[in-house]
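In our numbering, the protein residues as written are 417 to 727.
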């Protein structure tokens, strides 16, 4: 129930908030150019936060570009309403301090979130774990506005959650469909992102529509190891895992299918990498506090709203 409510809230914010902000900007009578600048700056900062950090696969990725273009032009062209006004008077600016403070907060959010577009440390390049041209990064990057994983677990700071888009640019047929098969990514084949050895493979947990805290958070999963590098693919479909612990795999080998197991709200493929001791193999349980490793795929450091490079 909570997830359904949150999905509708997210959709409403993405679809209704930008037109509301532009309406306010165009309908407010500004006495000075300075007052308009403050309000226009606030509007631009909020729209930029939504454009960069929003979950557009929920409401349709094409809508992101439409709202982005409309917002840019709407803010820019609103200057026609104040072109003949004085720049500032004390009376004209005083009542805009609220917008100024709010705008500064959103600019700070942009700076904080924007830092996550760069990994900030050495990366490791992996092969695409899903093959195709319609895979969308729902969570990715190095800061919480782009990727909540780092706030929950340091070792998952650079984790990727990947969905597939349908023909409408949506992750699913509806906001919270009842059937898992209505999620575009559900059942797609997940491939090994590197050559290495399987450390652990779990395949017995059932797929469920809603999160199950009784299951391990990762659900069905495969841990891979290459030297001191460990990579996990999680939330896999029950009965689909094709490999066993100790088995050698090559990059591009099929491992399993994307499912919905573990403590997660909807089907997607989760991937993250950590460094363990270079000597004896570590247990996956011991890697919960491992050193996070930012990954690139096809040479690109992927963040939210990016598309996974095709194979």
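Just so you know, even glycine gets a beta-carbon here, dropped at the ideal spot from N, CA and C.
Contact between residue 525 and residue 502 is ruled out by a C-beta separation of about 32 angstroms, above the 8 angstroms threshold. In the displayed model, residue 452 falls within a helix according to three-state DSSP. By the Cβ-count criterion, residue 608 is buried, with 16 or more other Cβ atoms from all chains shown falling within 10 Å of its own Cβ. The stretch 569-584 makes no contact with the stretch 612-627; the number of CB pairs closer than 8 angstroms stays below 3. For the pair residue 437 and residue 462, the CB atoms are nearer than the 9 angstroms cut-off. In this structure, residue 657 lies away from residue 640, with their beta-carbon atoms at least 9 angstroms apart. In the DSSP assignment, residue 555 falls within the beta strand (DSSP E) that extends over 551-555.
By the Cβ test, the stretch 701-717 is not in contact with the stretch 662-673, since fewer than three Cβ pairs between them sit closer than 8 angstroms.
For residue 650 and residue 604, the gap between their C-alpha atoms comes out near 13 angstroms. Cβ neighbours of residue 622 within its own chain (closer than 6 angstroms, five residues either side excluded): 654. Look at residue 427 here: in three-state DSSP terms it is helix. Unbroken alpha helix (DSSP H) stretches of 4 residues or longer found wholly inside the stretch 457-526: 477-493, 506-510, given in chain order.
The way I'd put it, the stretch 487-496 does touch the stretch 448-460; three or more beta-carbon pairs between them come closer than 8 angstroms. In the displayed model, residue 624 falls within coil according to three-state DSSP, outside both helix and strand. Nearest to residue 706 by C-alpha distance, out of 582, 446, 647, is 647.
Of the candidates 557, 550, 528, the residue whose Cα lies closest to the Cα of residue 710 is 557. Taking C-beta atoms as the reference points, residue 672 and residue 659 count as a pair closer than 9 angstroms. Spatial neighbours of residue 686 in its own chain (CB-CB distance under 6 angstroms, excluding positions within 5 residues in sequence) are listed in chain order as 577, 650, 651.
Take residue 632, set aside five residues on each side of it, and the residues of its chain with a beta-carbon closer than 7 angstroms to its own are 678, in chain order.
When DSSP states are grouped into helix, strand and coil, residue 440 belongs to the helix group. Beta-bridge analysis with DSSP links residue 723 to 552. For residue 528, the three-state secondary structure derived from DSSP is helix. Residue pairing from DSSP places residue 612 in a beta bridge opposite 665.
Going by beta carbons, residue 497 and residue 584 fall outside the 9 angstroms limit.
Under the three-state reduction of DSSP output, residue 670 falls in the strand class. The criterion of a C-beta distance shorter than 9 angstroms is satisfied by residue 532 and residue 719.
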